[in-house]
Structures are given as C-alpha cells and as structure tokens.
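What follows is a set of notes on a single structure, which appears directly below.
Number of protein chains: 4
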Amino acid sequence: METRVRVLIDCHDAKGLVYKISKVFYDRDLNIDSNREFVDKENEKFFMRTVVSGTFEIEELDAALREVAPEDAHIRVIAPQDKKIVILATKESHALGDILIRYAAGELGAQIECVIANHDTLRDLVERFDIPFFHVPAEGLSREEHEAKVMAKIDGNAFDYIVLAKYMRILTPAFVSAYPQRIINIHHSFLPAFIGANPYKQAFERGVKIIGATAHFVTDDLDEGPIIAQDVIPVNHRFDWRDMQRAGRDVEKVVLSRALNLVLHDRVFVNGNKTIVF
Amino acid sequence: METRVRVLIDCHDAKGLVYKISKVFYDRDLNIDSNREFVDKENEKFFMRTVVSGTFEIEELDAALREVAPEDAHIRVIAPQDKKIVILATKESHALGDILIRYAAGELGAQIECVIANHDTLRDLVERFDIPFFHVPAEGLSREEHEAKVMAKIDGNAFDYIVLAKYMRILTPAFVSAYPQRIINIHHSFLPAFIGANPYKQAFERGVKIIGATAHFVTDDLDEGPIIAQDVIPVNHRFDWRDMQRAGRDVEKVVLSRALNLVLHDRVFVNGNKTIVF
Amino acid sequence: METRVRVLIDCHDAKGLVYKISKVFYDRDLNIDSNREFVDKENEKFFMRTVVSGTFEIEELDAALREVAPEDAHIRVIAPQDKKIVILATKESHALGDILIRYAAGELGAQIECVIANHDTLRDLVERFDIPFFHVPAEGLSREEHEAKVMAKIDGNAFDYIVLAKYMRILTPAFVSAYPQRIINIHHSFLPAFIGANPYKQAFERGVKIIGATAHFVTDDLDEGPIIAQDVIPVNHRFDWRDMQRAGRDVEKVVLSRALNLVLHDRVFVNGNKTIVF
Amino acid sequence: METRVRVLIDCHDAKGLVYKISKVFYDRDLNIDSNREFVDKENEKFFMRTVVSGTFEIEELDAALREVAPEDAHIRVIAPQDKKIVILATKESHALGDILIRYAAGELGAQIECVIANHDTLRDLVERFDIPFFHVPAEGLSREEHEAKVMAKIDGNAFDYIVLAKYMRILTPAFVSAYPQRIINIHHSFLPAFIGANPYKQAFERGVKIIGATAHFVTDDLDEGPIIAQDVIPVNHRFDWRDMQRAGRDVEKVVLSRALNLVLHDRVFVNGNKTIVF
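Chains as they are written, first to last, in our numbering: chain A, 19 to 296; chain B, 19 to 296; chain C, 19 to 296; chain D, 19 to 296.
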C-alpha cells in the first residue's frame, strides 16, 4: 500500500546533504512529490521539506535518514493527518469565526479540542458549532492563577498547537515556555510597528497610510516571536481608529488562518527568531 | 431630538448645485458630518453623499432638496437602519460563513431574512445561526421553473438586497430585471478576466501570477454588471487550480463582505455600467 | 479668458462653511471641477480642496473667501504651474533617477533647480540631464558647517520644496525649521517600523514577511514627520538584507515620486503630525 | 580557482532525478548554494535550477549531467555574466527610462546593445546614456518592410533578449518566430483582461477598481504569451483613462524591470504557455 509522508529536516549545513538524503529516497524507490530546500548561510543551517510517496515503513525511513544526516539534525517523518488545536479568545469573534467556518466546512485541517475565553461572550457562537467552550474569568486573579486555571482545561486535551484568536491577555514566561513553538498569535499591527496595547489607536495617532496584521509564534518577548505571515491594507485620513480596527479585522482573520494553515501542513520551520516558510 | 441622515443625490451636473444643496442644510442649521461629491464629466452627471445631523423632519428636508435640485434628480434621505437581505448560495460556505459571523457579532448592518440554496449542504451551518434556510432543488426544472420557486420564497420577505454568496447558477434576465441594482454577486476572478465557468481553471490554464475576485451588481450580461469592489492575491507555478481556488476563497469572501458593507451603508451609486463608491 | 485655480482652505470647523464657500463660487458663476472636503472631528478642523474655473481675478476671489472664512483660516488660491524643487542625494541613483526620467518626459510637474550631494557619485547621471549638480562633501565638517554649505547652494535658488532622494544624512533642527513642511523624505522602511539606520538590516534581523517605504515631511523628530504615502512588497526567508534593499528600491522610488506628485499638485494638507491627502 | 555556475535542467519527470543530479555535484565536491525544483504533474515535467560552486570544468560538468539526465533533457550550465539586450520602444519613456537608470547604476545585469524606435522622440534620452539609438520610421511601410529594417539593425548585434519597453506595434509571426522565448513585452493591463489596443480606455469603460500590468514572453498570439510577472494598483471612480494610464506607468515599469531581472538571472523556465519562476 502506498504511503505518503512529509519529511522535515533541519541541521547544520554540510556538503552532500541533498545527495545523501535523496539517495535514501532513491534506494527505497520513493517518488518525490515536492521538495523545498533552504540554506541559511549566515548561520550555516540547512532546511528541507520533502513530500515522498511509495511503499515503505515510516520507522525504517526515519532511521535511514538519521543515519545519513548530521548528528544535530532534527528529523520528522510525518504522516499527514489532522492536528489538534486549542483556541484561546476573549470577546472578538472575527478571527475565531473564520476558523470555525473552515472547521465546519472540513477545510481547517485540524480538530478543535476546545475554546477557552476569559469572557463568556463567545460561548453562544462556539457552542453553535458543537465545540466545548470554557469560560475562565480572570477577574480577581493574578496572571499566574488565571493561567493555572486555563492550563487545567488545556491539559485535559492532547493537542499540537494553541491558537490565540485575539486573546487579549499577555501570557507569562512560564506559560509560554511550557509550549515552545506551539503557540500562534495574531497581532493586530504590522509588526514590529505598534507593539503592545491598542495598535490601531497607535496607528491612527501616527497617521500611517497602511495598516496590517502579523501572525507569529509566541515567545517570552511581547510581540517579538518568529513571524509566520503578515498582510496589510491601505487606510487614509478618513479612518478614525475604530474604522482602522474594523478594516483591520479582515486582515487579522485572513493572516491568522493563513499562518495556521501553513503550520498545520508542516510548512513552517523556526530558525532562531525567524521562520522558513515552504 | 437630533436626527442624522444620509442624503444621496444624483442628477445632471449644473452650476451651483453644491451651493444650493448646502444652503438647504445651512438654512436648517444642520451639521455636515461628512460630504463626498463627484462629477462625471464625460456624462455630465453629479453625485453627492452627505451625512447631516440636526433637528429637522426628514420629509421636509427631502422636499426642500427636491425644490433646488434639477428635475431629473434622484434624491434619497435615508435614516440609517439595518437593511434586509436575502442570501442565495449553493454548496460552498466561505462567503456565506463570513457574512454569518459578522451577523452573529452584530456587525453586518443587515437583517438576514433567509438563505436559499439549490443544494441542502449548507442547511446545518445556516440553522446553527437560527436563520431560515430553504432548499430549492433545481434538478429536473427549467431555469424559469426553478427561479419561480426561489422567488416564491423571496417574495414572502420584504428585503432590500439579494446577495449571491457563491450561488453557482446563472439568473435569467427576467429574474435580474425584477430586482434592478439590488442583486450583488461575487465572481471568483478579477473581472473582466475569466468570465463564466470555473475561472480558477481558466486562470491556471493561462498561467497568471495573480488571481482575484470581483463583487458586482448583477445585470443581464453575465459577469458584466457594475463593479463594486475587487481584490487580488499573488499565486505562482506551484499552485494548481484547486490551490488557486482554495487561496481565492479568502479574497472572495472579503471582497463580497466589503462590497456588501459599502452597499448597506448607502455608499455606492450606480452610474451606467460603473459605480461611484464614496 | 477662463482661469482655473486650486482653492485650498483649512480652518476651525464651523457650521455653514461649505455653504459660504460655495456661495462665493456661485456668486462668481464659477464651475466646480472637483471638490474634496474633510472634517477632523477630534481636532475640529475643516479641510477643503476645490478646483474652480471661470472668469475671475485671483486676488478678488482670495479676498472674498477670506471674508467668509473663519479668522484662523489658511487660504490659498493657486494657479497651477510648475513648482521649483531642489534635490538632495548621496550615492544611490534609483529615487533620483525616477524623478529625472519624469522630468525629462515633462511629467514631473516641477522644475529641478539643482541636485546637491555629499558624494560626487551622481554627478555624471545628473549632468546627463543638464541639471546643475553640486558636490558638497561632508568630510571633516561638523553637521552645522556642512549644512551651511548646502544652504548656500540652495538659497541661490528660489524653490518650493526640498526633496531628499535617499539623502543619507540626518538634518539638524536648525535646517529643518528653516523649511517647515517643505522637506520631503523617503525612508526605506514601513514607518514607524525600523526607524533610523539601515532599516533593511533591521527588517532582515526581525524576519518580517513584508517590507516597505514611507514618504514623509521632515520634522525635528527623526523619521517621525507627517506621512504622505507608503507602500510595501512581500519578502521571504530567501531574502538576505541586500536582497531586501534591492527589492525595496522599487518601492522607495515609486512612493517618493507618488508623494512628490501629490505635494506638487497641492493635494496634501499637513494636520498636526498627519496628512490629509485629497 | 573556484567557479560558480547556474545549472538549469528541464526534462520529463522520472524517479531518482534529484538523486542522480545531486550525485554529480557530490562526486565533484561542489557546494550547492541554492536549489529550486518543481514537478509539473499534469505534464510530467521536471524543472531544476541549482547554483553550485567549487573547482571544476564547466564542460565536464555539463557532460556528466547529460549522462544522468533523460534524453529529452534541456541542460544549461551558465557562468553568470551580463547578458546582451536590444530594446524596442516607441514614444513613452517610463519603462525605457527605468531600465536606463538601472543600467547607469550598474544594476541591470545586462549590456544594452542599442535602442530602436519607430519614432525619434526618445533619441535625446537614450543618447544621454551613450547608448546607440536607431530611429526606424514605419510610415509608408508594410509591417514586413518595417521589421526587415528593424532586424537589419538588430542583427548587427549579438544579443540574448529583445525587450519591448512599450513598443506600440504588433510584431509579425515571422519576427516572433525568429526569436523564440527571447522577446519580453510589457502589456499595460492585467492580462488576460483588456487584450489589444488601449487597455486603460478599456479598463475605464469597464469601471474596474484595480488596474495592472503584465510582463510576458511574446508569441504569435497577441498578448497571449507565457506570463513572467504581474502587478496591480487600486483605482477608483475619480480616475479617467488618462489618470489610469499615468498611475499605470509605475506598475508597467516596475513589472517589466522585475521580469527582466528574473530572465537575466536565468530564473525563468518556459513551460508550454506558462512560466516557472524560481
């Protein structure tokens, strides 16, 4: 029976890597359905994402690749299947809603385990889609206490990624470090412009002619994590900050969904504080 | 009590129009909250959209404007309130879903009377939002017979606009002429490129590097009606036509919602086969 | 004989302004060829740009407008004619070259009085277009001493605007304040991201997926003046900072020329630290 | 001494191609500086562009690659060096001027052999850059007679590509077939919309909200050749067709220069009526 897998390799660059890896595929008579490579010369790092198909055992292929790759190589042989995600939100429904519509259409490429929000506003919308919704209020709690309650809900689920669909709270370093390269956020500005609170107000004050949104992995540094996708739209002097916010929502939701789609299809490598997107 | 209205005027261009109209506002001590004008010199037509507020009677203002405007003037004094729309769809959920999420958030600016589809696929999604869904199958019916059944459902509702949210059937001239300038369609190409069936396949065959979507009023000529909004995204040789279709959906839904928002806020004038968008 | 002028008015907002101003036009039997207004509600300011034509004296029209406008009104009645500009540059030729090509085609809408550069690199290019080129080296000079030499060259010319076409030196507050709202700069980033030196290197380090350029009036605050125009292009992980620089040049030159064109056609009002662009 | 070459291969797809080709590189101890591949599954074609460096003989590498590649393979081992181009133009200077400025800055990556135009308008501009300019008037000549005169000028030069920088004449099939895949045109519309004469007038009549430009290889079918690059800008109801033309020029010149840059760096494969752009 034919198997199809995504092979992801990143390691120090070395001569002959493409040859050695493609030899592993050739020796097993595999088809290369697509192949993308990149060498980061500054840091001498090699990245490769190949989709191969044929008759083979995943474990055996994985082992063979490990044999030819450098010792530091990070190798993943992934059979495509739906990932599992947990969504954190607050009150706004556009980014979450965009994900829900794709989910209902069977186009998301992920199972939504649950939605957790610090307000109860979105319960009705989420439950319309038969997805568990947990309201975890933050009032009167320290950040740590609140996150402990959130993590209690999350950890009941096996999941691959946490998606912050306009979750308007800053996560603690402890929370972030518990899920490295697994938390995806949408920031409502064209980062690194307008880091922090109310970027649309900042954009309005600055009088910019273009606004944008940025999807990125979350790290300890606020709005400083590796950028996955960005997009922009023009604005003009007739936009007050609420108009910018309204117009920006379309960009936010589309950029988040695009980034999520890339991540769910194993198309994104994190390389230091940047991403390689194949 | 303060009233706020949108005043829309279009007529043959003539000297003194701005003066005479602004005098009507001034004589009533109204505030001009925003004002946009345009003169189509080729056709000698004048267009104006003004938002005024103050203490006045709508009927009296309307009458006063009629007195100063040319005889052929088309004048509307509109108290902003939610319009009513009917949505026609087929099987795809992205454009419809985008509208539903805005609707649920109270951001659509319209009441959705019902969704009518020639397949039953979208029933579940629509009914999750407590909106009436009518399945009107087309199999075995002539175009006229099918439309008669659709119109039977529609005409039970008072409504302002019909939105074709990826309704994959061509309307008859009779249907179209029953609702002039009231049917809004999203075409999945950057019109006038790729008119007609499966534009993504056409785009793929042609090898374009950018694809787009076009929201337009429906007229008798297929995909030839006045364009309200368009947008595009880049593609490349790695996209097959299904990839283009997938990527294009985000443009389609955003362009349709943007056009709908413009129309619902009375920002669109039809000028021959073009639009003025204020 | 028919005269055509641009009327620019900005003042505190007040009821009846449009009426009073359009009455002035109406009383003189003028045609309104185009008309744009904007009210900045936050600051209660009114902006208007009208193109009128007819038989009239500019001074008389100006005086009549002053009579009906608020005392603080800034009124300009401008007979369209080529402005005069001085260009400052350093070594890069793309932004300067774009201006020169438009100039040679008679499409710039401005007379170039001279080009002044702190290196001699661009002399050959500039002199090909029969434009005076002055090399004012900065080596061994304080910023003030250098600028004094530059101003000596500039002030020999009557001019309207100074265009910084990739002039890679920071101007002193004294220089800037000598030409308020008359110095236009192109910054090679999507401001306010990457203020200061080598923005492409900064963009590369940050791993952004989009880069841009910003044309703005120069004020005392580095890269903080009112933005006139911005644009962007996508980049990806395959771009090192020199690739970004190379790709960015096309955006820089087009954005600067677009901003210059707007300014030269009197389409830009400065409103605090923002612009109104009609 | 280290040599660096671009290796371009296109052939029928077959299992093991990447392995066999990378083995050739590995056996010669070459560095792979960058590598891009694409498989057109519909037509079972394989495309590869690799930049390799090391100590080797170009002829030997070429021979070795031919040994492992399928018989139908089209293989090029190219030592990067400036190509030679001939430019055809008419009266407009923006696209030509953009190329000239890059040329003068040493950034074009090509030697301009000469500029040939059917009007004398551009002589002054071209000669400012010390490039031969030939005026070949078309009046009173048949298309064939005129092209014979043009070809007489061209064939005096060894050249790689003919660039039509807004050359406003249609070439005969005979001319086109004399230079297959070697003529690059900029069409002033977002093809396939508005094929043929005065696309801006067509765009204006149609009332589009976005206009664009398309760089493509010229084939016998008017404006139907393989597309290399496209870009767009927004327009609105205030643009008459001349405004569209003016605004469109910036897109035209940037798209042509971008396409030219891709072609000159051997980044473009023609695949039937499409391109692969690496």
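Using N, Cα and C, we set each Cβ at its ideal position, and we do this for glycine too.
Computed from a predicted structure; not experimentally measured.
Nearest-angstrom beta carbon gap, residue j and residue i [assumed within contact, 8 Å]
i: A/LEU126; j: A/VAL133; result: A/LEU126 to A/VAL133, Cβ: 13 Å. No contact.
i: C/ASP148; j: C/PRO191; result: Between C/PRO191 and C/ASP148 the Cβ distance is about 35 Å, and since that is not below 8 Å, they are no contact.
i: C/ASN49; j: B/LYS33; result: 6 Å
i: C/LEU282; j: C/LYS171; result: At roughly 22 Å, the Cβ-Cβ gap does not stay under 8 Å, so C/LEU282 and C/LYS171 are not in contact.
i: D/VAL286; j: D/ILE246; result: 6 Å
i: B/PHE235; j: B/GLN199; result: 6 Å
i: A/ALA97; j: A/VAL23; result: 5 Å
i: C/PRO210; j: A/ARG224; result: 6 Å
i: D/ARG46; j: D/ARG67; result: With 8 Å as the limit, D/ARG46 and D/ARG67 do not qualify as a contact, their Cβ atoms being about 18 Å apart.
i: C/GLU145; j: C/SER71; result: With 8 Å as the limit, C/GLU145 and C/SER71 do not qualify as a contact, their Cβ atoms being about 40 Å apart.
i: A/LYS38; j: A/VAL86; result: 4 Å
i: D/LEU240; j: D/ILE188; result: 6 Å
i: D/SER111; j: C/ALA122; result: 7 Å
6 Å Cβ shell around residue i - same chain, five flanking residues per side excluded
i: A/TYR185; result: LEU106, ALA107 and THR108
i: D/VAL95; result: VAL23, VAL25, ILE76, LEU79 and ASP80
i: A/ASP28; result: PHE65, HIS92 and PHE287
i: B/ILE201; result: ILE180 and VAL236
i: A/ARG120; result: LEU126
i: C/ARG276; result: ALA247
i: C/ASP116; result: LYS271 and SER275
i: B/VAL194; result: VAL236 and ASP238
Close-in-space but distant-in-sequence residues of the same chain around residue i (CB under 7 Å, 5 per side omitted)
i: A/HIS206; result: PRO217, TYR218, ALA231, GLY266 and GLU270
i: D/PRO155; result: ASN136
i: D/ASP138; result: HIS153
i: A/ALA113; result: ALA183, LYS184, ILE204, GLU270, LYS271 and LEU274
i: B/ASN254; result: LYS227
Rounded C-alpha distance that separates residue i from residue j
i: C/VAL42; j: C/GLU77; result: 13 Å
i: A/ASP249; j: D/ASP173; result: 47 Å
i: A/PHE208; j: C/ILE213; result: 14 Å
i: B/ARG84; j: B/TYR197; result: 25 Å
i: D/GLU242; j: B/ILE228; result: 16 Å
i: B/VAL273; j: B/ASP51; result: 27 Å
i: B/LEU143; j: C/TYR179; result: 59 Å
i: C/GLY124; j: D/ASN61; result: 50 Å
i: D/GLN99; j: C/ASP258; result: 21 Å
i: C/VAL36; j: B/SER40; result: 6 Å
i: A/GLU162; j: C/VAL168; result: 59 Å
i: D/GLU278; j: B/PHE177; result: Note that residue 278 of chain D corresponds to Leu in the displayed sequence, not to Glu. One C-alpha to the other measures close to 53 Å.
i: D/HIS164; j: D/GLY158; result: 9 Å
i: C/LYS59; j: A/ARG256; result: 10 Å
Close beta carbons around residue i, own chain, < 8 Å, minus the five adjacent residues each side
i: D/LEU280; result: ILE246, ALA247, VAL286 and VAL295
i: C/ASN175; result: LYS102, VAL104, GLU131 and CYS132
i: D/LYS63; result: ASP28, CYS29, HIS30, ASP31, VAL57 and ASN289
Short-range partners of chain D found in the stretch 47 to 61 of chain A, where Cβ spacing is below 9 Å: Listed by position, the residues of the stretch 47 to 61 of chain A near chain D (Cβ gap below 9 Å) are ASP47, LEU48, ASN49, ILE50, ASP51, SER52, ASN53, ARG54, GLU55, PHE56, VAL57 and LYS59.
Chain A contacts made by the stretch 264 to 296 of chain C, where a contact means CB separation under 7 Å: Result list: ASN291, LYS292, THR293, ILE294 and VAL295.
Interface residues of the stretch 111 to 145 of chain D facing chain C [CB-CB below 9 Å]: Across the stretch 111 to 145 of chain D, CB contacts with chain C closer than 9 Å involve SER111, HIS112, LEU114, GLY115, ASP116, LEU118, ILE119, ARG120, ALA122, ALA123, GLU125, ASP142 and LEU143, in sequence order along the chain.
Contacting positions in the stretch 197 to 210 of chain D - beta carbon closer than 7 Å to chain C: Within the stretch 197 to 210 of chain D, no residue qualifies.
Ordered list of alpha helix (DSSP H) runs contained in the stretch 117 to 186 of chain D, each at least 4 residues: Those alpha helix (DSSP H) runs which fall completely within the stretch 117 to 186 of chain D and span 4+ residues are 141 to 146 and 161 to 172.
Contact list for the stretch 31 to 42 of chain C against chain B, Cβ threshold 7 Å: For the stretch 31 to 42 of chain C, the set of positions with a beta-carbon nearer than 7 Å to some beta-carbon of chain B reads LYS33, GLY34, VAL36, TYR37, SER40 and LYS41 in chain order.
Whole runs of the beta strand (DSSP E) within the stretch 220 to 289 of chain C, excluding any shorter than 3 residues: Runs found: 228 to 235, 245 to 252 and 286 to 289.
Uninterrupted beta strand (DSSP E) stretches inside the stretch 36 to 98 of chain C (no shorter than 3 residues): 49 to 58, 63 to 72 and 92 to 96, all fully within the stretch 36 to 98 of chain C.
Residues of the stretch 208 to 228 of chain C with Cβ closer than 7 Å to any Cβ of chain A, in chain order: Flagged, chain order: PHE208, PRO210, ALA211, ARG224, GLY225, VAL226, LYS227 and ILE228.
Against chain D: residues of the stretch 239 to 253 of chain B by CB proximity under 7 Å: For the stretch 239 to 253 of chain B, the set of residues with a beta-carbon nearer than 7 Å to any beta-carbon of chain D comprises PRO244, ILE245, ALA247, GLN248 and VAL250, in chain order.
Short-range partners of chain A found in the stretch 144 to 174 of chain B, where Cβ spacing is below 8 Å: Across the stretch 144 to 174 of chain B, CB contacts with chain A closer than 8 Å involve ARG146 and PHE147, in sequence order along the chain.
Residues, ordered as in the chain, of the stretch 89 to 112 of chain D that lie near chain B by beta-carbon distance below 7 Å: Contacts with chain B (Cβ-Cβ distance below 7 Å) from the stretch 89 to 112 of chain D involve no residue at all.
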